[in-house]
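Here the structure comes first, spelled out in structure tokens, and everything after it is commentary.
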Amino acid sequence: MDAAAPAQTVDGNAIAGMLWDLFGADVTALVGTCGGCGALAPLAETVVELDRHAAIVRCRTCTRTLFTVLQSSDGTSMRVGLLHAVHSSG
Numbered sequence: 009m010d011a012a013a014p015a016q017t018v019d020g021n022a023i024a025g026m027l028w029d030l031f032g033a034d035v036t037a038l039v040g041t042c043g044g045c046g047a048l049a050p051l052a053e054t055v056v057e058l059d060r061h062a063a064i065v066r067c068r069t070c071t072r073t074l075f076t077v078l079q080s081s082d083g084t085s086m087r088v089g090l091l092h093a094v095h096s097s098g
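Written out as structure tokens, the structure reads:
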């Protein structure tokens, strides 16, 4: 996170563009499973700590880090934390 630009806390919809850069599609409707507590929720409903360089995506139920999206001059990348599984909601 960037100390010069404090993070804001938002929901998962706020990182739709960052995830589009990675996957080429809107993946916020996909359902993630937290490896910490087992909660299931659409990525749009996660809690995100967001600044201009990174998004830390947390489980809304237990607050553990599911994954982190990083933006740099090399592009956008994702580091997986406790995101156990992702599946379609249908």
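Each residue of the sequence shown is one higher than the last, beginning at 9 in our numbering. Glycine included, C-beta positions come from ideal geometry on N, C-alpha and C.
>> Tell me the DSSP secondary structure of G43 in three-state form.
In response: The count along the sequence shown starts at 1 and reaches residue 43 at position 35. Of the three classes helix, strand and coil, the one that applies to G43 here is coil, per DSSP.
> What is the rounded straight-line gap between the Cα of W28 and the Cα of N21?
Replying inline: The count along the sequence shown starts at 1 and reaches residue 28 at position 20. The count along the sequence shown starts at 1 and reaches residue 21 at position 13. Using only the alpha carbons, I get a separation of about 11 Å.
> Could you give the residue range of the beta strand (DSSP E) that holds A62?
Replying inline: In the sequence shown, residue 62 corresponds to position 54, counting from 1. Where A62 is concerned, the enclosing beta strand (DSSP E) stretches over A62 to R66.
> So the alpha helix (DSSP H) G89 belongs to, where does it begin and stop?
Replying inline: The residue given as residue 89 occupies position 81 in the sequence shown. G89 -> no alpha helix (DSSP H), and no H or E assigned at all.
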